[in-house]
Amino acid sequence: MRRVASGVVLVFGVLIVLSFVHAQEQAEVPVVRGTFRAETGQAPYFQFKLSTYYRDGRIVGNALASGGSGNDIRVLLLTAQQFQAWDVWPSPLYDSGRRQSVVLSVSVSDSGTYYILFDNTFSAVSSKNVQADIRFLHRGVDTSRAAEMKRQELASLEQSLKQLEDPNWKNRREAFYGLLGLGSGSVYQEPNDALASLLQKFPEKSDEVKLALIEVLEREHSFQKNTTQSTEELASTLGLRAMVRDITQI
Numbered sequence: 012m013r014r015v016a017s018g019v020v021l022v023f024g025v026l027i028v029l030s031f032v033h034a035q036e037q038a039e040v041p042v043v044r045g046t047f048r049a050e051t052g053q054a055p056y057f058q059f060k061l062s063t064y065y066r067d068g069r070i071v072g073n074a075l076a077s078g079g080s081g082n083d084i085r086v087l088l089l090t091a092q093q094f095q096a097w098d099v100w101p102s103p104l105y106d107s108g109r110r111q112s113v114v115l116s117v118s119v120s121d122s123g124t125y126y127i128l129f130d131n132t133f134s135a136v137s138s139k140n141v142q143a144d145i146r147f148l149h150r151g152v153d154t155s156r157a158a159e160m161k162r163q164e165l166a167s168l169e170q171s172l173k174q175l176e177d178p179n180w181k182n183r184r185e186a187f188y189g190l191l192g193l194g195s196g197s198v199y200q201e202p203n204d205a206l207a208s209l210l211q212k213f214p215e216k217s218d219e220v221k222l223a224l225i226e227v228l229e230r231e232h233s234f235q236k237n238t239t240q241s242t243e244e245l246a247s248t249l250g251l252r253a254m255v256r257d258i259t260q261i
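The numbering of the sequence shown is my numbering, which starts it at 12 and goes up by one.
See the structure below:
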């Protein structure tokens, strides 16, 4: 099965859901609405972003496919991490299977980036016309959960900053990747993009984070001059140095 390639994606929608709706009111925001074409062997997708945590958040709607002998399409709802390997990921948030008519209702309340993907990679001959009406429903921001998650994230940030001072270089390296969200299982990002995202998320910690990473740069640079340093240590040090060398420009 072939992966989505950005150069051949036919449909790309971006939705950023705002958070001003009163908690007792049900709000409805369109995510996919209209008719589009899923070409042979391709999987057009729509991206939407939730800026915070919501009460009773749910993706609901329907899609109808036509074309080819089966008149079918496969609809998936994916997190950003799942989207990176959607064709092999074992458990997406939702997988309709190959159907002509799809009706979905999936609970989605956490902040993050999500994708609705229309898979026609199984068809080597026929393109499909897809008519879709899919929306995000919610009852306002879950303020208590948003505040608790913010508290936990700040605590994790503080822990990573402390670990950057660890005398063991392996612990510092782990803290560096953890701080930027570049560890195992994370969504892939370029290091500078990850840093910019971190500073945008925690503007109140911007100076502290920059200073900590600059200190890491200076410390690792000094270790390169140690003639007893192993090849593995040196390679890791050079990698860290390259990642943070442009930090003052962000």
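Each residue gets a CB set at the ideal place from its N, CA and C atoms; glycine is no exception.
As the crow flies, the alpha-carbon of phenylalanine 129 is around 15 Å from that of valine 71. Two segments are said to touch when three or more pairs of C-beta atoms, one from each, lie closer than 8 Å; by this definition the segment 71-82 touches the segment 122-141. Where phenylalanine 57 is concerned, the enclosing beta strand (DSSP E) starts and stops at 56-61.
In this structure arginine 109 touches aspartate 83 by the C-beta definition: roughly 4 Å separates them, less than 8 Å.
Looking at Gln174, Tyr125, Lys181, Ser217, the one whose alpha-carbon comes closest to that of leucine 104 is Tyr125. In this chain, phenylalanine 213 is not harboured by any beta strand (DSSP E), its DSSP state being neither H nor E. Contact annotation, leucine 172 with glutamate 219: C-beta distance approximately 7 Å; criterion of less than 8 Å satisfied. For valine 113 and glutamine 211, the gap between their C-alpha atoms comes out near 38 Å. If you look at leucine 172, you'll find it in the alpha helix (DSSP H) that goes 154-174. In this structure, DSSP gives tyrosine 65 an extended state, which the three-state scheme calls strand.
When rounded, the separation of the alpha-carbon atoms in glutamine 53 and arginine 85 is 11 Å. With a minimum length of 3 residues, the unbroken runs of beta strand (DSSP E) contained wholly in the segment 83-111 fall at 84-90, 105-110. Just measuring C-alpha positions, the residue of Arg150, Asn179, Glu215, Glu164 sitting nearest leucine 190 is Glu164. Spanning the alpha carbons of phenylalanine 57 and valine 141 requires a straight line of approximately 13 Å. In the three-state DSSP reduction, phenylalanine 187 falls in the helix class (H, G or I).
The C-beta distance from glycine 123 to alanine 91 rounds to 6 Å, short enough to meet the 8 Å contact threshold.
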